[in-house]
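Enquirer:
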Amino acid sequence: MSLLSPGPYHILSYGTLLGATFFHTFINGILAFRVLPRPQFSTLMSHIFPVYFSLQTALPALLILTYPGSRNPFGSASGVAGVFFDRDNRWTVLVPLAGAFLSSAVNLGVVGPATTGVMEERRVQEKKDGKKSYDAPPHSQEMTELNKRFGMLHGVSSLLNLGSFVATVAYGFTLASRLA
Numbered sequence: 001m002s003l004l005s006p007g008p009y010h011i012l013s014y015g016t017l018l019g020a021t022f023f024h025t026f027i028n029g030i031l032a033f034r035v036l037p038r039p040q041f042s043t044l045m046s047h048i049f050p051v052y053f054s055l056q057t058a059l060p061a062l063l064i065l066t067y068p069g070s071r072n073p074f075g076s077a078s079g080v081a082g083v084f085f086d087r088d089n090r091w092t093v094l095v096p097l098a099g100a101f102l103s104s105a106v107n108l109g110v111v112g113p114a115t116t117g118v119m120e121e122r123r124v125q126e127k128k129d130g131k132k133s134y135d136a137p138p139h140s141q142e143m144t145e146l147n148k149r150f151g152m153l154h155g156v157s158s159l160l161n162l163g164s165f166v167a168t169v170a171y172g173f174t175l176a177s178r179l180a
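Going letter by letter, the sequence shown gives residues 1 to 180 in full-length UniProt numbering.
(1) For residue 115, does the three-state DSSP call read helix, strand or coil?
(2) Contact defined as beta carbons within less than 8 angstroms: I believe residue 100 pairs with residue 60. What is the distance between those atoms, to the nearest angstrom?
(3) Which class does residue 34 belong to by DSSP, given the choice of helix, strand or coil?
(4) For residue 144 versus residue 105, is the C-beta spacing smaller than 8 angstroms?
(5) Beta carbon of residue 146, beta carbon of residue 125: below 8 angstroms?
(6) If you draw a straight line from the C-alpha of residue 78 to the C-alpha of residue 22, how long is it?
(7) Residue 52 and residue 10 look like a contact to me (Cβ under 8 angstroms); what is the Cβ gap, rounded to whole Å?
(8) For the structure I just gave you, are there three or more beta carbon pairs, one from the stretch 39-55 and one from the stretch 108-125, closer than 8 angstroms?
(9) Between 177, 162, 180 and 167, which lies nearest to residue 26 when the distance is taken from Cα to Cα?
(10) Quick one: what's got a C-beta closer than 7 angstroms to residue 33's C-beta in the same chain, skipping five residues either side?
(11) Do residue 157 and residue 107 have their C-beta atoms closer together than 8 angstroms?
(12) If you drop the 5 nearest sequence neighbours on each side, which residues of the same chain put their C-beta closer than 8 angstroms to that of residue 17?
(13) Using 8 angstroms as the threshold, is the C-beta distance between residue 171 and residue 96 below it?
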């Protein structure tokens, strides 16, 4: 296999995407939440998420660019043409890769920054209230609203992340079927 062939880059990109998403979603995030005090956990995640969502966004794009087409001259094309214009690839390649890309891009560009903004607003409100956002209720009306917004944004982010994971696994089945 040549260093100029897209195949190895495709496989390495897929493995990195699946591994990073699985590890962060099911191991890293859970363990960090269990062992770190809440302020340190928040600081860690606010630094990890931009890198993680960038990786989760870039790798599906790289998978589209390095898509290995058919060796048959009448089969599907490689790269973008094979992903976007081959009707046979619409549901098995385009939808999962576009789904992984879009869900991660929304987390990177919209939901992640909004969540970080609410976290900062909660820090300011904690100083005003003299009470942490995660302390037992009652909370001020402002903190109650911020906690509700944070919970909603965190839930949306988690669902987008899970969607990216499911789309990545779905594409893995397509990729694996080509090995048979």
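We put the beta carbon where it would ideally sit given N, CA and C, even for glycine.
Expert: Answer, in terms of the structure:
(1) To locate residue 115, count along the sequence shown from 1; it is residue 115. Helix, per DSSP.
(2) Position 100 of the sequence shown, counted from the first residue, corresponds to residue 100. Position 60 of the sequence shown, counted from the first residue, corresponds to residue 60. Confirmed, about 4 angstroms.
(3) The residue labelled residue 34 in the question sits at position 34 within the sequence shown. DSSP places residue 34 in helix when its eight states are reduced to three.
(4) Reading the sequence shown from its first residue, position 144 is the one you call residue 144. Reading the sequence shown from its first residue, position 105 is the one you call residue 105. No, Cβ-Cβ distance for residue 144 and residue 105 is not below 8 angstroms.
(5) Here the question's residue 146 lines up with position 146 in the sequence shown. Here the question's residue 125 lines up with position 125 in the sequence shown. Yes, the Cβ-Cβ distance between residue 146 and residue 125 is below 8 angstroms.
(6) Numbered from its first residue, the sequence shown carries residue 78 at position 78. Numbered from its first residue, the sequence shown carries residue 22 at position 22. Going from the Cα of residue 78 to the Cα of residue 22 covers about 27 angstroms.
(7) On the sequence shown, position 52 is the one that residue 52 refers to. On the sequence shown, position 10 is the one that residue 10 refers to. So it is not a contact: roughly 21 angstroms between Cβ atoms.
(8) yes
(9) Reading the sequence shown from its first residue, position 26 is the one you call residue 26. Here the closest residue by C-alpha is 162.
(10) Counting from 1 along the sequence shown, the entry for residue 33 is found at position 33. Contacts found: 41.
(11) Counting from one through the sequence shown, the residue named residue 157 turns up at place 157. Counting from one through the sequence shown, the residue named residue 107 turns up at place 107. Yes, the pair counts as a contact, with Cβ atoms nearer than the cut-off.
(12) Reading the sequence shown from its first residue, position 17 is the one you call residue 17. Counting only Cβ-Cβ distances below 8 angstroms, and skipping sequence neighbours, we find 55, 56, 59, 60, 63, 100 and 168.
(13) The count along the sequence shown starts at 1 and reaches residue 171 at position 171. The count along the sequence shown starts at 1 and reaches residue 96 at position 96. Against a cut-off of 8 angstroms, the Cβ pair of residue 96 and residue 171 comes out as a contact.
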